[in-house]
Amino acid sequence: MSSRKGRKEAARVVREQMARERRRKRTLWASVAAIAVLVVAGLIGWSVWSGQRSGEVTVPTGANGDGTGIVAGSGPVTVDIYEDFLCPACKQFDESVGPTVDRLISEGKVRVVYHPVAYLNRFSTTQYSTRSSAASGCAAENGRFREYAKRLFAAQPAEGGTGLSDDQLADLAAEVGMDRNGFAACLRDGTFKPWTDRVTDEASRAGITGTPTVLVNGEELAERSPEGLTAAVEAAGR
Amino acid sequence: MIMTAMPTRSDRWTTLRPWLGLAARLGLAAVWLLAGASKVGDLAASGRAVNAYQILPYDVAVVVGAALPFVELALGVLLLLGLATRLVAGVSTALLVVFVAGIVSAWSRGLAIDCGCFGTGGELAAGQSPSYLPEILRDLGFLALAGFLITWPRTPVSVDAALAGDPTVEDDDE
């Protein structure tokens, strides 16, 4: 009687142990599968991104040595201007301080490097920041970067919309004296989109997190006004 | 003679808990799927958003930024399926803690950035100011969901429950 009870008890213990063992195995394999899924997902992301990075970059005429911006002037003080054609503060900066920049260039005091970054693509439905920056590359190729950039700011679309169409971008080019067909082809072929990616990536690498950002000999300009820029350039040139 | 016993507090908790767990699991799954989907379209921007925190070197930040959206999507799918729920909730917790730490660090260093939590951030549009506190509070809410799932990983309608066969038995070793 008591020995039968004992056998029953022993069998129950064995059953429980086997069940626990099965559970442990199940949990182990589920964990291995989950971790494998996560690792593979990360690797997919890495390889997709590597594939997206364009190997060949066509740099427009008038760019600086490392191809991260368009140069104007040849003065002793270097001014880097990071701007996105969709950014309202950049338009404001261009309108209020642009004439001072032009004057400093013509007086031979500064060498300006314009970096048309595409930071604000998420604020348009058509990647307007990238398209307008690549368009400014087409203009640079024609030696009209500055004139075209001014037109882009003057015609700046609102954030959150579709931005200007490629047709409208070509119209602006014609207005500043460029061949409309050639310009439209440059946009259509996406000739300078890889360049825009490079300009943007290198700006990010340089720690530029907002637009407009203005550097005078590498130092960020705190007061983005005509007086502020003039003073900073004079201080740097001394 | 009254035979019906009033349901006790713990009875109610026992019936309710699996469904709360299911809600937590699906809620956290939605968070990851949305977060991943909003970033996956522009991996370069995702990398810039990571770089904007100025914590990792640029070359590391862009790789992390590229891998992150896919890992987030995978976490969402695993939670949706309910596979290895406790482990996935643990990974979610670790990731959320890193995010909160990143935001706190950006805040304390006075960086003006968009957290890039949903959609690729990094840079703020003009006139936008950073909203660090709401972002941290939101992440703490997500952490609470993950914490629930770590404590009680067994939820109905999950691969875990299907594998176990008996969804009412809570494994202690899972």
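Keeping their order, the protein sequence lines are chains A and B. Under the numbering used here, think of the first position of the first sequence as 1, with each following residue one higher. Under the numbering used here, think of the first position of the second sequence as 239, with each following residue one higher. A virtual CB, placed ideally from N, CA and C, is assigned to each residue, including glycine. Bear in mind the structure is a predicted one, so any value in this text is a computation, not a measurement.
What residue range does the beta strand (DSSP E) around L215 (chain A) cover? Position 215 of the first sequence, counting from 1, holds the residue named residue 215 (chain A). Run containing L215 (chain A): T213 to V216, per the beta strand (DSSP E) assignment.
Distance cutoff 8 Å, beta carbons only. Does I44 (chain A) sit that close to anything in chain B? Numbered from its first residue, the first sequence carries residue 44 (chain A) at position 44. It does: the Cβ of I44 (chain A) has a partner Cβ on chain B nearer than 8 Å.
When the distance is taken between beta carbons, is W49 (chain A) closer than 8 Å to A299 (chain B)? Numbered from 1 along the second sequence, position 61 holds the residue referred to as residue 299 (chain B). Numbered from 1 along the first sequence, position 49 holds the residue referred to as residue 49 (chain A). Contact: no.
Can you find a C-beta in chain A that's less than 8 Å from the C-beta of A282 (chain B)? Here residue 282 (chain B) corresponds to residue number 44 of the second sequence, with the count starting at 1. Answer yes: the Cβ-Cβ gap between A282 (chain B) and chain A drops below 8 Å somewhere.
Distance check for T162 (chain A) and G268 (chain B), CA to CA, integer angstroms please. The sequence position of residue 268 (chain B) within the second sequence is 30, counting from 1. The sequence position of residue 162 (chain A) within the first sequence is 162, counting from 1. According to the sequence shown, residue 268 (chain B) is Ala rather than Gly. In a straight line, the C-alpha of A268 (chain B) is about 28 Å away from that of T162 (chain A).
Indicate the three-state DSSP secondary structure (helix, strand or coil) for I208 (chain A) in the structure shown. Against the first sequence, residue 208 (chain A) aligns to sequence position 208. DSSP places I208 (chain A) in coil when its eight states are reduced to three.
Mind checking the segment 195 to 220 of chain A against chain B and listing, in chain order, the residues whose C-beta falls within less than 8 Å of any C-beta there? Listed by position, the residues of the segment 195 to 220 of chain A near chain B (Cβ gap below 8 Å) are D197, T200, D201, S204, R205, G207, T209, G210 and T211.
Considering only their Cβ atoms, is the gap separating G143 (chain A) from G73 (chain A) smaller than 8 Å? In the first sequence, counting from the first residue as 1, residue 73 (chain A) sits at position 73. In the first sequence, counting from the first residue as 1, residue 143 (chain A) sits at position 143. Taking C-beta atoms as the reference points, G73 (chain A) and G143 (chain A) fail to come closer than 8 Å.
Chain B residues whose Cβ lies nearer than 7 Å to that of V37 (chain A): Numbered from its first residue, the first sequence carries residue 37 (chain A) at position 37. Among the residues of chain B, those whose CB is under 7 Å from the CB of V37 (chain A) are A312 and L316, following chain order.
Measuring only the C-alpha atoms, how far is I374 (chain B) from A235 (chain A)? For the purposes of this step, residue 374 (chain B) is taken as residue 136 along the second sequence, with counting starting at 1. For the purposes of this step, residue 235 (chain A) is taken as residue 235 along the first sequence, with counting starting at 1. Distance from the CA atom of I374 (chain B) to the CA atom of A235 (chain A), rounded to whole angstroms, is 42 Å.
Please name the residue in A:T196, A:D166, A:G190 and A:E147 whose C-alpha comes closest to that of V176 (chain A). Walking along the first sequence from the start, residue 176 (chain A) turns up at place 176. Closest by alpha carbon: A:E147.
Tell me the rounded alpha-carbon separation between R286 (chain B) and Q52 (chain A). Translated into the one-based positions of the second sequence, residue 286 (chain B) becomes position 48. Translated into the one-based positions of the first sequence, residue 52 (chain A) becomes position 52. Approximately 15 Å, taken between the alpha carbons.
Nearest-angstrom Cα distance between L321 (chain B) and L281 (chain B)? For this step, residue 321 (chain B) is matched to residue 83 along the second sequence. For this step, residue 281 (chain B) is matched to residue 43 along the second sequence. L281 (chain B) has its alpha-carbon roughly 27 Å from the corresponding atom of L321 (chain B).
Quick check: H115 (chain A) and T68 (chain A), are their CB atoms within less than 8 Å of each other? Mapped onto the first sequence, residue 115 (chain A) falls at position 115. Mapped onto the first sequence, residue 68 (chain A) falls at position 68. Yes.
For D179 (chain A), which three-state DSSP category applies? The residue you call residue 179 (chain A) lines up with position 179 of the first sequence. In this structure, D179 (chain A) counts as coil in the three-state DSSP scheme.
Establish whether the CB of A413 (chain B) and some CB of chain A are separated by less than 8 Å. No answer is possible for residue 413 (chain B): it lies beyond the span of chain B, which begins at 239 and ends at 412.
Which residues in chain B sit within 8 Å of S136 (chain A), going by Cβ to Cβ distance? By one-based count along the first sequence, residue 136 (chain A) stands at place 136. Within chain B, no C-beta atom comes nearer than 8 Å to that of S136 (chain A); the closest sits roughly 19 Å away.
Give the single residue among B:A283, B:A275 and B:T252 whose Cα lies nearest to the Cα of D244 (chain A). Within the shown structure, residues of chain A are numbered from 1 to 238, placing residue 244 (chain A) beyond reach of any answer.
Is R7 (chain A) helix, strand or coil when you go by DSSP? As a first step, residue 7 (chain A) is located in the first sequence; it is residue number 7 there, counting from the start. Helix.
Where A114 (chain A) sits in the DSSP three-state scheme: Here residue 114 (chain A) is taken as the residue at index 114 of the first sequence, counted from 1. The sequence given here has Tyr at residue 114 (chain A), not Ala. DSSP places Y114 (chain A) within a strand segment (E or B) once states are collapsed to three.
How would you call E83 (chain A), buried or exposed, if buried means at least 16 neighbouring beta carbons within 10 angstroms? The residue given as residue 83 (chain A) occupies position 83 in the first sequence. Taking every protein chain shown into account, the CB of E83 (chain A) has 16 or more other CB atoms within 10 angstroms, so this residue is buried.
Residues sharing a beta bridge with V326 (chain B), DSSP: Counted from its first residue, the second sequence places residue 326 (chain B) at position 88. DSSP output for V326 (chain B) lists no bridge partner at all.
If contacts are defined as beta-carbon pairs under 8 Å, then F308 (chain B) and I70 (chain A) qualify, I think. What distance do you get, rounded to the angstrom? Here residue 308 (chain B) refers to the residue found at position 70 of the second sequence. Here residue 70 (chain A) refers to the residue found at position 70 of the first sequence. At roughly 35 Å, the Cβ-Cβ gap does not stay under 8 Å, so F308 (chain B) and I70 (chain A) are not in contact.
Comparing the C-beta of V48 (chain A) with each C-beta of chain B, is any distance below 8 Å? Translated into positions along the first sequence, residue 48 (chain A) becomes position 48. Taking Cβ atoms only, chain B reaches closer than 8 Å to V48 (chain A), which makes this a yes.
Can you confirm whether T358 (chain B), when its beta carbon is compared against all beta carbons of chain A, has any partner nearer than 8 Å? Reading the second sequence from its first residue, position 120 is the one you call residue 358 (chain B). Reliability fails at T358 (chain B), whose pLDDT of 49 lies under 50, so the model's placement of it is uncertain and no value is given.
Taking a cut of 9 Å between CB atoms, which residues from the segment 51 to 68 of chain A lie near chain B? Hits within the stretch, in order: Q52 and R53.
What do you reckon, are the CB atoms on Y370 (chain B) and I341 (chain B) nearer than 8 Å? Start at 1 with the first residue of the second sequence, and residue 370 (chain B) comes out as number 132. Start at 1 with the first residue of the second sequence, and residue 341 (chain B) comes out as number 103. Contact flag set, yes.
Paired residues, beta bridge with T78 (chain A) - DSSP: Locating residue 78 (chain A) in the first sequence gives position 78, where the first residue counts as 1. For T78 (chain A), which the question treats as bridged, DSSP gives the partners A:R111.
Within 8 Å of any Cβ in chain A, is that where the Cβ of I293 (chain B) sits? As a position in the second sequence, residue 293 (chain B) is number 55, starting the count at 1. No, its Cβ sits nowhere closer than 8 Å to a Cβ of chain A.
Residues in the same chain with beta-carbon distance under 7 Å from M178 (chain A), minus the five sequence neighbours each way, listed in chain order, please. For the purposes of this step, residue 178 (chain A) is identified with residue 178 of the first sequence, where counting begins at 1. Excluding sequence neighbours, M178 (chain A) sits near A139, N142 and R144.
Helix, strand or coil: which one does DSSP assign to I341 (chain B)? Position 103 of the second sequence, counted from the first residue, corresponds to residue 341 (chain B). I341 (chain B): helix per DSSP, three-state reduction.
In whole angstroms, what is the alpha-carbon distance linking A261 (chain B) and T323 (chain B)? As a position in the second sequence, residue 261 (chain B) is number 23, starting the count at 1. As a position in the second sequence, residue 323 (chain B) is number 85, starting the count at 1. When only Cα atoms are considered, A261 (chain B) and T323 (chain B) end up about 13 Å apart.
With a threshold of 8 Å between beta carbons, is P307 (chain B) in contact with chain A? Indexing the second sequence from 1 puts residue 307 (chain B) at position 69. Answer yes: the Cβ-Cβ gap between P307 (chain B) and chain A drops below 8 Å somewhere.
With 8 Å set as the bound, which would you pick, yes or no: does the beta-carbon of A149 (chain A) sit closer than that to a beta-carbon of chain B? Within the first sequence, numbered from 1, the residue matching residue 149 (chain A) stands at position 149. So, not an interface residue.
Rounded distance between the beta-carbons of W195 (chain A) and P299 (chain A), thought under 8 Å: Residue 299 (chain A) is absent from the model: chain A starts at 1 and stops at 238.
For my contact list, L317 (chain B) and V326 (chain B) are in at a C-beta cut-off of 8 Å; report their separation, rounded to the angstrom. As a first step, residue 317 (chain B) must be located in the second sequence, where it is residue number 79. As a first step, residue 326 (chain B) must be located in the second sequence, where it is residue number 88. The Cβ separation is near 6 Å, so the contact holds.
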